[in-house]
Amino acid sequence: MALSATASSLSASTPSPLPPTPPSRSGYAAACYSLPKFPSHVRLVVSNPLHKSNPLTRYCLPMSQLGAPGRGVVRSSLIDPDGGKLVELIVPEAERDARRAEAARLPPVKIGAVDLEWVHVVSEGWASPLRGFMREHEYLQSLHFNSFRLDDGSLVNMSLPIVLAITDEDKQAIGNAPDVTLVAPGGGFVAILRRIEIYKHNKEERIARTWGTTVSGLPYVEEVISPAGNWLIGGDLEVLEPIKYHDGLDHYRLSPSELRKEFDKRGADAVFAFQLRNPVHNGHALLMNDTRKLLLDMGYKNPILLLHPLGGFIKADDVPLAVRMEQHSKVLEDGVLDPKTTIVAIFPSPMHYAGPTEVQWHAKARLNAGANFYIVGRDPAGMGHPTEKRDLYDPDHGKKVLSMAPGLEKLNILPFKVAAYDTVAKKMSFFDPSRVQDFLFISGTKMRTYARNGENPPDGFMCPSGWKVLVNYYQSLQHEELGNEAAAVGVKS
Numbered sequence: 001m002a003l004s005a006t007a008s009s010l011s012a013s014t015p016s017p018l019p020p021t022p023p024s025r026s027g028y029a030a031a032c033y034s035l036p037k038f039p040s041h042v043r044l045v046v047s048n049p050l051h052k053s054n055p056l057t058r059y060c061l062p063m064s065q066l067g068a069p070g071r072g073v074v075r076s077s078l079i080d081p082d083g084g085k086l087v088e089l090i091v092p093e094a095e096r097d098a099r100r101a102e103a104a105r106l107p108p109v110k111i112g113a114v115d116l117e118w119v120h121v122v123s124e125g126w127a128s129p130l131r132g133f134m135r136e137h138e139y140l141q142s143l144h145f146n147s148f149r150l151d152d153g154s155l156v157n158m159s160l161p162i163v164l165a166i167t168d169e170d171k172q173a174i175g176n177a178p179d180v181t182l183v184a185p186g187g188g189f190v191a192i193l194r195r196i197e198i199y200k201h202n203k204e205e206r207i208a209r210t211w212g213t214t215v216s217g218l219p220y221v222e223e224v225i226s227p228a229g230n231w232l233i234g235g236d237l238e239v240l241e242p243i244k245y246h247d248g249l250d251h252y253r254l255s256p257s258e259l260r261k262e263f264d265k266r267g268a269d270a271v272f273a274f275q276l277r278n279p280v281h282n283g284h285a286l287l288m289n290d291t292r293k294l295l296l297d298m299g300y301k302n303p304i305l306l307l308h309p310l311g312g313f314i315k316a317d318d319v320p321l322a323v324r325m326e327q328h329s330k331v332l333e334d335g336v337l338d339p340k341t342t343i344v345a346i347f348p349s350p351m352h353y354a355g356p357t358e359v360q361w362h363a364k365a366r367l368n369a370g371a372n373f374y375i376v377g378r379d380p381a382g383m384g385h386p387t388e389k390r391d392l393y394d395p396d397h398g399k400k401v402l403s404m405a406p407g408l409e410k411l412n413i414l415p416f417k418v419a420a421y422d423t424v425a426k427k428m429s430f431f432d433p434s435r436v437q438d439f440l441f442i443s444g445t446k447m448r449t450y451a452r453n454g455e456n457p458p459d460g461f462m463c464p465s466g467w468k469v470l471v472n473y474y475q476s477l478q479h480e481e482l483g484n485e486a487a488a489v490g491v492k493s
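Position one of the sequence shown corresponds to residue 1 (full-length UniProt numbering), numbered consecutively onward.
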């Protein structure tokens, strides 16, 4: 993912004259007009880089116009989750035996590995106020409006349908039962789904509206949707125990509630989240460290970074989670990021690669976890077109959509300009178009080629210990491929 910087987007400076009226939220700066609470002495300068007539136009609003609080400590827990209360759907320990006994009497529905990841996501409140798999009225709102209308008339963002598919045989076996038991891929009861509703699964419409295309080769579609059943079943979840994977990484899987407690324990007065599914290079680190400096300049005393790699389903050529987590730990050990001001945790959601539609989900989930700033770079949640040599989505649309997305008004979006390797400074720097010849763009493909060949990237691209993790991984793949080829030759002979 290419990166960008906020130095020209948000900064504390001498106030400039106020415009007659603030720009509407349809403009790029709009998300910045609904910022979370700032220290009372700070004045915020907001630039509107998408303003057609003058991309450098700046608007300065006094803090009184941004709803700043009085003096005192601003805690991360002051940003409310969607719906006002964090949803937590794990059955209390004292009630679990009774629920398991009940689950044994209900019609069983076997779920897949990705379905289990969604149970995990919903049970911990990442999708608050959603309380289970979507019923039809929720599904239609998500699919067509990217949002829910709550009983009080307010909107919350919900850009991805969170649904559970069942087969014709499942539907027949369920009959008129009001509740069903969800059974894990390897057996064992996972949850009870209450007050169920079964409705038609129109796969083509779901794919077209989520991805904006029905082209073949979409990873989530091929893995999850295409082989799924023709019906969707919605209802309220009661999860029988916390979801654990027993892969040595469960200690990284902090729930929104646990993250909020950790932010408050560390005395955070701002939390900025960075989503990624790739190894951290020094361009990412430049971006994150620069954001923290910016927040300090704005008057915050202790901004905390949530480095939040995606831990659910990913496409086959992405770096596996265990390798990424080992690489991330080396980045902190080497001091590229400060462990005292950084929390590394796993976001359990599956990855759709649905571009601007999906990035809204990524932002919303971090809001529910207590983050009040969200970093967005180039082509968030995007991928290459499956059949053509181009990006599937416009690389700038993700950050533009986030600035206008319904239900995300209270989350501050931080867009960044591109970072690349500066061959003069011998380090990752923010790209300077006046020195285009001095910059080297190292793509993911190029990085993988270096690692597979055991070569080192340019000095300053990634911390050496983190790079070694990647080299070991890609070379192990090569050894595995050679072993498979040798085995295949042996079988033929």
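All C-beta atoms, glycine included, are put in the ideal place defined by N, C-alpha and C. Computed from a predicted model, the values in this text were never measured in an experiment.
Residues near isoleucine 442 by beta carbon distance below 7 Å, same chain, minus five either side = Tyr421, Pro457 and Phe461
Own chain, CB closer than 8 Å to glutamate 262, minus 5 neighbours either side, in chain order | Same-chain partners within the cutoff: Leu254 and Ile343.
Cβ shell of serine 76 (< 6 Å), same chain only, five flanking positions each side left out = With a pLDDT of only 48 at serine 76, under the threshold of 50, the placement of this residue in the model should not be trusted; the figure read from the coordinates follows. Excluding sequence neighbours, serine 76 sits near Phe263, Ala268, Val271 and Gly370.
Grouping DSSP H, G and I as helix and E and B as strand, with all else coil, what is glutamate 204?
-> Three-state result, glutamate 204: helix.
Delimiting residues of the alpha helix (DSSP H) encompassing isoleucine 233 | Looking at the DSSP string, isoleucine 233 is not in any alpha helix (DSSP H); the run it does join, the beta strand (DSSP E), is 231 to 239.
Cα separation between arginine 266 and leucine 259?
-> So the two alpha carbons sit approximately 11 Å from each other.
Own chain residues within Cβ distance below 8 Å of tryptophan 231, not counting five before or after = Only Ala165, Ile166, Thr167, Asp168, Asp170, Lys171, Ile198, Tyr199, Lys200 and His201 meet the Cβ criterion.
Please report the residue range of the alpha helix (DSSP H) in which serine 147 lies.
-> For serine 147, there is no enclosing alpha helix (DSSP H); the residue is found in the beta strand (DSSP E) stretching over 147 to 149.
In whole angstroms, what separates the C-alpha of proline 219 from that of aspartate 115?
-> 15 Å
Buried/exposed call for valine 436, threshold 16 Cβ in 10 Å | exposed
Between glycine 125 and glutamine 478, what straight-line distance do the alpha-carbon atoms span, to the nearest angstrom?
-> Those two C-alpha atoms are separated by around 40 Å.
Using 8 Å as the Cβ pair cut-off and three pairs as the minimum, do the segment 135 to 154 and the segment 176 to 190 touch?
-> no
Per-residue burial, asparagine 372 [other beta carbons within 10 Å of its own, 16 or more giving buried] = buried
Residue span of the beta strand (DSSP E) that contains leucine 414, given as start and end | 412 to 415
CB contact flag (leucine 106, isoleucine 192, <8 Å) = yes
Run through DSSP, which three-state label would proline 108 get?
-> strand
May I have the straight-line CA-CA distance separating threonine 214 from proline 108, to the nearest angstrom?
-> 32 Å
Pair within 8 Å by beta-carbon distance, histidine 397 and leucine 160 = no
8 Å Cβ cutoff met for glycine 234 and glutamate 136 = yes
Three-pair Cβ contact test at 8 Å for the segment 289 to 308 versus the segment 371 to 390 = yes
When burial is assigned at 16 or more other CB atoms within 10 Å of the CB, is glycine 283 buried or exposed?
-> buried
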